[in-house]
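Data first, discussion second: the structure below is written as structure tokens.
In the numbering used here, the protein residues as written are 41 to 179.
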């Protein structure tokens, strides 16, 4: 089976305060975020910066039950995940599951920035949370 991985899509960074983080990253990247969006399924508020062909996604927890809240309480602010753009998310989920990787999600979920997303558990990926992303076709 041929991999459908195309490139790194974005790097997710967990933050306590998205407003302050947007100011910081605007200074670092010398640009403004192009989108801010709530993702209710993940309990997060996101903000995206375009960096060449890639993106930076800032993630702030919207509740104490959010995975981002748990991450920050355990590890503090910082890199949360690496996301890869794939052309067939269901195929990759099936391939990775058959290869012994643990999937957090059983099926793709609607994520931020008009993407289908699924996560691989860091216990099976050498400690890194990996997100698979596939664009949702526009109707």
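C-beta: ideal position from N, C-alpha, C; glycine also.
Can you tell me which of the three DSSP states residue 102 falls into? Here residue 102 refers to the residue found at position 62 of the chain shown. Of the three classes helix, strand and coil, the one that applies to residue 102 here is coil, per DSSP.
Where does residue 168 land, buried or exposed, given buried means 16+ other C-beta within 10 angstroms? Looking up residue 168 in the chain shown gives position 128. With fewer than 16 other Cβ atoms within 10 Å, it is exposed.
Report yes if the C-beta distance between residue 177 and residue 155 is below 8 Å; otherwise report no. Residue 177 sits at position 137 when you count from the first residue of the chain shown. Residue 155 sits at position 115 when you count from the first residue of the chain shown. For residue 177 and residue 155, no; Cβs fall outside 8 Å.
Nearest to residue 127 (by Cα), restricted to the options 146, 157, 145: In the chain shown, residue 127 corresponds to position 87, counting from 1. Ranking 146, 157, 145 by Cα distance to residue 127 puts 157 first.
According to DSSP, what are the bridge partners of residue 86? Your numbering for residue 86 matches position 46 in the chain shown. Residue pairing of residue 86 in beta bridges, as defined by DSSP: 77, 99.
Would you mind working out which of 48, 74, 129, 141 sits nearest residue 148, comparing C-alpha positions? Working through the chain shown from its first residue, we reach residue 148 at position 108. Among 48, 74, 129, 141, the Cα nearest to that of residue 148 is on 129.
Residues of its chain near residue 161, where Cβ-Cβ distance is below 6 Å and the 5 sequence neighbours each way are ignored: Position 121 of the chain shown, counted from the start, is the residue given in the question as residue 161. Taken in chain order, the residues that qualify are 142, 144.
How is residue 67 classed by DSSP in three states: helix, strand or coil? In the chain shown, the residue the question calls residue 67 occupies position 27. In the structure shown, residue 67 sits in a helix (DSSP, three-state: H, G or I).
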